[in-house]
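Visitor: In order, the protein sequence lines correspond to chains A and B.
FYI, the working numbering numbers position 14 of the first sequence as 1185, with every residue one higher than the one before it.
FYI, the working numbering numbers position 140 of the second sequence as 1311, with every residue one higher than the one before it.
Idealized CB from N, CA, C, for every residue including glycine.
Protein chains: 2
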Amino acid sequence: MIKEIKKISQRVIPRMSRYYRILYEHNGKDMISSKELSDFSGYTAAQVRKDFAYFGQFGCPGRGYNIEGLKGSIRKILGLDRQWNVALIGVGNLGIALLGYKGFKDQGFEITAAFDNDPEKAGRMIKNVEIFSASKMCGVMRQKKIDMVILTVPRESAQAIAMEAVECGAKAVLNFAPINLKLPDAIKVRNIDMSIEIENLSFLISKG
Amino acid sequence: MIKEIKKISQRVIPRMSRYYRILYEHNGKDMISSKELSDFSGYTAAQVRKDFAYFGQFGCPGRGYNIEGLKGSIRKILGLDRQWNVALIGVGNLGIALLGYKGFKDQGFEITAAFDNDPEKAGRMIKNVEIFSASKMCGVMRQKKIDMVILTVPRESAQAIAMEAVECGAKAVLNFAPINLKLPDAIKVRNIDMSIEIENLSFLISKG
DNA sequence: TAGATTGTTAATCGATTAACAATC
DNA sequence: TAGATTGTTAATCGATTAACAATC
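1) For the candidate residues B/Leu1375, B/Ile1238 and B/Pro1232, whose alpha-carbon lies nearest to that of A/Asp1356?
2) Consult DSSP for B/Tyr1171 and reduce its assignment to one of helix, strand or coil.
3) Does A/Leu1265 come within less than 8 Å of chain B when only Cβ atoms are used?
4) Of the residues that make up the segment 1290–1324 of chain A, which ones have a beta carbon closer than 9 Å to any beta carbon in chain B?
5) Kindly indicate if chain B contains any beta-carbon less than 8 Å away from that of A/Ser1244.
6) From the DSSP output, read off the bridge partner residues of B/Asp1356.
7) Does any CB atom of chain B fall closer than 8 Å to the CB of A/Arg1182?
8) With H, G and I counted as helix, E and B as strand and the rest as coil, what does DSSP make of B/Asn1256?
9) For B/Gln1278, count neighbouring C-beta atoms within 10 Å of its own C-beta (all shown protein chains included) and say buried if the count is 16 or more, exposed if not.
10) Can you give me, in chain order, the residues of the segment 1341–1362 of chain B that have a beta carbon less than 7 Å from any beta carbon in chain A?
11) Residues of the segment 1215–1249 of chain A with a CB closer than 8 Å to any CB of chain B: list them in chain order, please.
12) When you compare only the Cα positions, how much space is there between B/Arg1313 and B/Tyr1191?
13) Could you have a look at B/Leu1375 and say whether DSSP puts it in helix, strand or coil?
14) Below 8 Å between beta carbons: does that hold for B/Ile1332 and B/Val1324?
15) Could you confirm whether any beta carbon from chain B is found closer than 8 Å to the beta carbon of A/Leu1372?
16) If we cut at 8 Å on Cβ distances, does A/Phe1286 have a partner in chain B?
17) Any beta-carbon of chain B closer than 8 Å to the one on A/Ala1333?
18) Put B/Phe1280 into one of helix, strand or coil per three-state DSSP.
19) Between the C-alpha atoms of B/Ile1321 and B/Val1257, what's the straight-line distance to the nearest angstrom?
20) What are the residues that DSSP puts in a beta bridge with A/Ala1285?
21) Let me check understanding here. Comparing Cα to Cα, which of A/Tyr1272, A/Leu1194, A/Ala1343 and A/Ala1217 lies closest to A/Ile1297?
22) Show which residues of chain A have a CB atom less than 7 Å away from the CB atom of B/Ile1369.
23) Answer with buried or exposed for A/Gly1261, where buried requires no fewer than 16 other C-beta atoms within 10 angstroms of its C-beta.
24) Flag this pair as touching only if the segment 1214–1222 of chain B and the segment 1181–1197 of chain B have three or more C-beta atom pairs under 8 Å; answer yes or no.
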């Protein structure tokens, strides 16, 4: 039922995640229409249908989409039908907060190791995650079969550490450092830059 | 020198923030070319020049852009030439980490109050920020002339609390709750949804 | 001057929206 | 059946890239 992928706009994936969340808020209901998904998501109904159409036919003309079925389909599409082993690198304020972030764990992203170059931190457990010395990175990452890393280190060290993580087997990086990482093409990167977002707000409100 | 704004693509502002950061990494140098900015940012040189052209003429043919001058211009464009008073709502793990986040303070975003509906927290100082009971929100926000709020509350309460913050004078919301907030048109909103970003990575690596 | 690089226009590319036949 | 709503095609809209005259 899930069509093999033609050319997917890079922007549909975040929307799929959004729809998936909305479906979870409708447990118990049977069907949902693109119009309803539009109301909850803020995207147009045409966009909703187009987005789903990239992956297959999930709806029923005249009736809408079966919520349980669609949830399952999106779960498969996004790769949420399995556990992902995640390591967090950089156990500072933000890193610690993310160690306990429910939004990751709930969707199968399990942080099974964390690294910091402060020897004080190595050996401790924080939010139930063991902290290792950065020097142990490769061994631990391979042993724990880490798929992806969350990078919460200072900007200055981000590039070198990201590269090291890749050499230790990471296939994707969720990067919180405000820098454009240069990594091999096969490595997937998403950036979260909180300053950029807040600066967008100051731009918007200061131009009136 | 800063042109009054025709129709700015919504995507140029985050790029302007990015350029601004890069300029800061080149203190001491005199000029920088769109080609160099391209190398550091990952955007094309044509894109760099086009982005700047939305706001005016900042460069010098044959020589590039004066770093100090450009820095100042972007600072004005983004509204970073003043202090912004920010309140944080929802003093959980993530909220506490953001109270101490340097990336905000360094650019003039000063978190001058935080709110939580846990009465245990009210009255405490965390990372040098006073925590108030959520019931005091309007009084404190008006007294401290809060411009924008950072919203780190659970999804279920986000909509109601965001609306309350707007009624208390907030003109912009940096929203970490995984929900599409419905607020008056004049209110600016940016969403940071960390689960969406990590799900994007699992999509990318699971389709190979 | 020759070489470098801007600012801008035109061409291309990609994403969103509108419209509607098909179908439940 | 009549009403609702999908999936898809075509039309529109917007953003990026290429190209180059202007200029330092």
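Guide: Looking at the coordinates:
1) Reading the first sequence from its first residue, position 185 is the one you call residue 1356 of chain A. Here the closest residue by C-alpha is B/Leu1375.
2) For residue 1171 of chain B there is no data in the structure shown, the boundaries of chain B being 1172 and 1379.
3) The residue you call residue 1265 of chain A lines up with position 94 of the first sequence. Output row for A/Leu1265: interface = yes.
4) Lys1298, Asp1318, Met1319 and Ile1321
5) Along the first sequence, one-based indexing puts residue 1244 of chain A at 73. By this cut-off, A/Ser1244 is not an interface position.
6) Mapped onto the second sequence, residue 1356 of chain B falls at position 185. DSSP output for B/Asp1356 lists no bridge partner at all.
7) As a working note, residue 1182 of chain A is residue 11 in the first sequence. A/Arg1182 does not count as touching chain B.
8) Here residue 1256 of chain B refers to the residue found at position 85 when the second sequence is read from its first residue. Here B/Asn1256 sits in strand by DSSP.
9) As a first step, residue 1278 of chain B must be located in the second sequence, where it is residue number 107. Looking at its Cβ environment, which holds 16 or more other Cβ atoms inside 10 Å, B/Gln1278 is buried.
10) Lys1342, Ala1343, Leu1345, Pro1349, Asn1351, Lys1359 and Arg1361
11) Ile1248 and Leu1249
12) Residue 1313 of chain B sits at position 142 when you count from the first residue of the second sequence. Residue 1191 of chain B sits at position 20 when you count from the first residue of the second sequence. Roughly 31 Å between the two C-alpha positions.
13) Along the second sequence, one-based indexing puts residue 1375 of chain B at 204. Correct three-state label for B/Leu1375: helix.
14) Taking the second sequence and counting its residues from 1, the one referred to as residue 1332 of chain B is at position 161. Taking the second sequence and counting its residues from 1, the one referred to as residue 1324 of chain B is at position 153. Result yes, Cβ atoms of B/Ile1332 and B/Val1324 sit closer than 8 Å.
15) Residue 1372 of chain A sits at position 201 when you count from the first residue of the first sequence. Yes, A/Leu1372 lies at the interface with chain B (some Cβ there is under 8 Å from its Cβ).
16) On the first sequence, residue 1286 of chain A is found 115 positions in, with the first residue counted as 1. It does not: the Cβ of A/Phe1286 has no partner Cβ on chain B nearer than 8 Å.
17) Along the first sequence, one-based indexing puts residue 1333 of chain A at 162. Chain B contact via Cβ: absent.
18) If you number the second sequence from 1, residue 1280 of chain B lands on position 109. Strand.
19) Walking along the second sequence from the start, residue 1321 of chain B turns up at place 150. Walking along the second sequence from the start, residue 1257 of chain B turns up at place 86. One C-alpha to the other measures close to 7 Å.
20) Counting from one through the first sequence, the residue named residue 1285 of chain A turns up at place 114. Its beta-bridge partners are A/Leu1259 and A/Ile1302.
21) Counting from one through the first sequence, the residue named residue 1297 of chain A turns up at place 126. Looking at the Cα atoms, A/Tyr1272 is the closest of the given residues.
22) As a working mapping, residue 1369 of chain B is identified with position 198 in the second sequence. Those within 7 Å of B/Ile1369 in chain A are Phe1275, Phe1280 and Leu1345.
23) What you label residue 1261 of chain A is simply residue 90 of the first sequence in a count that begins at 1. By the neighbour-count rule (16 or more Cβ atoms within 10 Å), A/Gly1261 is buried.
24) yes
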